[in-house]
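Here is the structure we will look at.
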Amino acid sequence: MNILILGLNHRTAPIEIRERVSFSEQKLPEALRTLKDCDDIKESLILSTCNRTELYTVAKDVSGGFNSMKNFLNSFHKIPTQEITDYLYTYNNKEAVRHLFRVAASLDSMIVGETQIFGQVKDAYFKAKEANTIGKGLNNLFEEAIRIGKKVRTKTQIGKGAVSTSTAAIELAKKIFESLTDKRVLIIGAGKIGELTVKNLYSRGVSAVLVANRTWQRAQELAAAFKGKAIKFERILEELKNTDIVISSTSAGHFLIKFEDIQRLMQERNNLPLFMIDLGLPRNIDPQINKIDNVYLYNIDDLAGVADANIKERQREARRAEEIIQSCVDSVINRLELQETCICPLSLSSFRA
Amino acid sequence: MITAIKKQITQITSPAVICVIFFKNLCNQYNHYFLDKAQYDLFFNLTFTFYLLCCVCFFVFFITQKNKIGTLGFFFGLIGFLTHSAILALRALALGYPPVSNLYESLSFFAWIIMLVYLLAEERQKTWVNGTFVLPLVVLLMGYALILDNKIRPLAPALQSPWLGIHVTLCFLSYSCFLMAFCFGVMYLWQERELKSKKIDGFFFRLPSLGLVDRLGYRSVSFGFVFLSLGIISGSLWAQKAWGSFWSWDPKETWSLVIWLIYVVYLHGRLMQGWRGRKNAYIAIIGFLSVLFTYFGVSFLLSGLHSYF
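Residue numbers (this note's numbering), protein chains in the order written: chain A, 19 to 371; chain B, 1198 to 1506.
Put into structure tokens, the structure is as follows:
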């Protein structure tokens, strides 16, 4: 028995190619059956997401199987061979098993540790099961992959920590405040990341969103999106008294919020913690403010630093995940009675020839 | 006929009779402990082992963040607490007064009260984080008690009073609450440093939010303050009876007053001046260090009316 994978992903192919070879949900059953009926192929499964399209098969013969798969991809999507050949990768047997496990454990994802891919692998498996195109081989293999995906998630911290600027802000807010549901948010100026951060906070149920912007119209639009209130630019300091989270992203060339203002304000607000996020460039908030007790000021670089630290942490965890996978591959190979990976018959270069 | 009924009754009641006889024998045989010394030691060691396991579990939980291990640790703590309660109860029954009359008894009782307060607090929070900070002290106290002589000695005449249990329990309750506040204070300062320095490391995820530890710290101090005030009042009432004056500036009394004043500052700052977070955390830490000094330092270094160890 040979297990073969042929596919492309976000690393090997640009989006223009990926979108041409992806399989829509309606066409998937048909595609699965067509693939299974190809020469040399006994079982078929297709994993198609926005970042990857991969064909999984069990074949009698390695080179014959790869040929059939490639021809199927070309004829099904009506793409000339030479256009996609350069983007394709192939794996067989041991390498294929390892690849699938890495995919299921989210080690092969654009953002390592993201959770979506695990669900997508599961989904692809169930779809193929429904279409009745998989037998014992892929069945066992995918059961194993799902088990390992779960194991990696529970045994390592690979999915932990915010890895984008806006989610990093949320993570910090959750470590400063006990709960976000009774907190008031003030957003000054309307920038992309600022808006995204407020959106995230809003979905976590903050009690009120205030919007201050130079253009009144824009402020009202934004406020409406979060069932909030638009306020005049001059009233910012006044409103700060009852605000817990401030996000500022204006292009004003000077500090909008000064050290003395906040120092005075903290007494008025009884030292309730204040989380300030400065996304402006040049900065809108005096960086000295971070030195005041119970005030936490983060600028765009600080947030990126938090996200970076999390990414590094995930990479460290990814190494542990690789070890877990490595230790599983051999036993699975034995159980499935797979042959060793063969390198000779068909590789990317032979496609090109 | 009558003999037959008698026989019936004896048959029915015999198990109960046997139990009573067995229990009586037990009491007579091991009159002081209800258990003989070997059995008592065994139970004490068992308690210590459970606390140690609990402590280890919480440390592992802190690092791995696996909730199952935290729950397991809580379970160990609970079992340890139950065996601890049992041996304290047996000892109290044997003594006829609360087992707080010498250093060994007092350490064990202090550890028990800490566990009581901790388990009550944890039962509501279920975060397990606090255990990582509280349990090491419990293990140390119990470990210290373990190496001390646990023989029963006659009670000093001045201590023969119903006030003994009340006064000591109130004081230990307050100490335990202050220990909680101390732990929350440490967690606060640690987490605050992570947030202010913006260098996020592994501890950032493992420590709870500033808001939570600040609130719990305040709550612990409030409870502790009430208990300490009551403890001091009960002490002075007892002192009036036993020594003839409400207050005699004995080192322990003086230091209790110092602790009381430290927490007065805490509460005044919090309620009147709007102190929050870092300042409170510092005071809670200083406060508990003074508690430790009052408990150990005063007893060993300064002699006075309270020196019974």
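Built from N, CA and C at the ideal position, the CB exists for glycine as well.
All values reported here derive from a predicted model rather than from experimental measurement.
Contact annotation, D104 of chain A with S86 of chain A: C-beta distance approximately 20 Å; criterion of less than 8 Å not satisfied.
The DSSP assignment places 210 to 221, 234 to 243 as complete runs of the alpha helix (DSSP H) inside the segment 210 to 249 of chain A, in order along the chain (cut-off: 4 residues).
Around the CB of N231 of chain A, 16 or more other CB atoms lie within 10 Å, so the residue is classed as buried. Taking the CA atoms as reference points, L1304 of chain B sits about 58 Å from Q138 of chain A. C68 of chain A is classed as exposed because its beta carbon has fewer than 16 other beta carbons within 10 Å across all chains shown. Excluding residues up to 5 positions away in sequence, nothing lies with its Cβ nearer than 6 Å to the Cβ of F1402 of chain B in the same chain. Taking every protein chain shown into account, the CB of K201 of chain A has 16 or more other CB atoms within 10 angstroms, so this residue is buried. Counted as a single uninterrupted DSSP element, the beta strand (DSSP E) harbouring F293 of chain A occupies residues 292 to 296. Proximity to D1398 of chain B across A:K178, A:R70, A:K276, A:V350 peaks at A:K178, based on C-alpha coordinates.
Assignment of I35 of chain A by DSSP, reduced to helix, strand and coil, places it in the helix class.
According to the DSSP assignment, A77 of chain A belongs to the beta strand (DSSP E) that extends over 70 to 77. Three or more Cβ pairs closer than 8 Å define a contact, and the segment 338 to 355 of chain A meets that threshold against the segment 123 to 136 of chain A.
With fewer than 16 other CB atoms across the displayed protein chains lying within 10 angstroms of its CB, R282 of chain A is exposed.
Relative to the Cα of V1418 of chain B, the nearest Cα in the group B:G1267, B:F1490, B:N1477 belongs to B:N1477. Residues of the segment 158 to 169 of chain A that bring their beta carbon within less than 7 Å of a beta carbon in chain B are absent altogether. The closest CA to that of L1250 of chain B, considering only B:Y1237, B:T1268, B:Q1236, is found on B:T1268.
Secondary structure at V1423 of chain B: helix, using DSSP grouped into helix, strand and coil. Using a C-beta cut-off of 8 Å, the segment 1268 to 1279 of chain B makes contact with the segment 1245 to 1260 of chain B, since at least three inter-stretch Cβ pairs fall below that distance.
For the pair of segments examined, the segment 209 to 222 of chain A was found not to touch the segment 1412 to 1432 of chain B: the number of CB pairs separated by less than 8 Å stays below three. The segment 250 to 336 of chain A is shown to contain whole beta strand (DSSP E) runs of 3 or more residues at 263 to 266, 292 to 296, 313 to 317, in chain order.
Between G1421 of chain B and Y1460 of chain B the beta-carbon gap is near 7 Å, inside 8 Å, which marks them as a contact. Contact of D311 of chain A with chain B is assigned, a C-beta pair being separated by under 8 Å. Contact between V115 of chain A and I21 of chain A holds, since their C-beta atoms are separated by about 7 Å, short of 8 Å. Nearest to H1364 of chain B by C-alpha distance, out of B:L1454, B:C1374, B:T1244, B:A1436, is B:A1436. In this structure the segment 126 to 133 of chain A does not lie against the segment 33 to 46 of chain A, because fewer than three pairs of beta carbons, one per stretch, are closer than 8 Å. Considering only B:I1260, B:F1485, B:A1283, B:Q1262, the residue with the shortest C-alpha distance to D1238 of chain B is B:A1283. Per DSSP, the unbroken alpha helix (DSSP H) holding N85 of chain A starts and ends at 80 to 95.
Cβ-Cβ separation between I307 of chain A and F277 of chain A: approximately 6 Å, consistent with a contact (criterion under 8 Å).
Non-local beta-carbon contacts of K173 of chain A in its own chain, meaning distances under 7 Å to residues more than five positions away in sequence, involve I342 in chain order. Within the segment 1371 to 1395 of chain B, those residues whose Cβ lies closer than 7 Å to any Cβ of chain A are, in chain order, Q1388, L1392, K1393, K1395.
For Q1236 of chain B, the closest of B:Y1248, B:T1280, B:I1276 by C-alpha to C-alpha distance is B:T1280. The Cβ of G1414 of chain B sits no closer than 8 Å to any Cβ of chain A.
A residue is called buried when at least 16 other Cβ atoms come within 10 angstroms of its Cβ; P1296 of chain B meets this threshold and is buried.
Taking each of B:L1287, B:V1335, B:A1318 in turn and checking the Cα distance to G1277 of chain B, the smallest one comes out for B:V1335.
Taking a beta-carbon distance threshold of 8 Å, F195 of chain A counts as an interface residue toward chain B. The continuous beta strand (DSSP E) containing T108 of chain A extends over residues 107 to 110.
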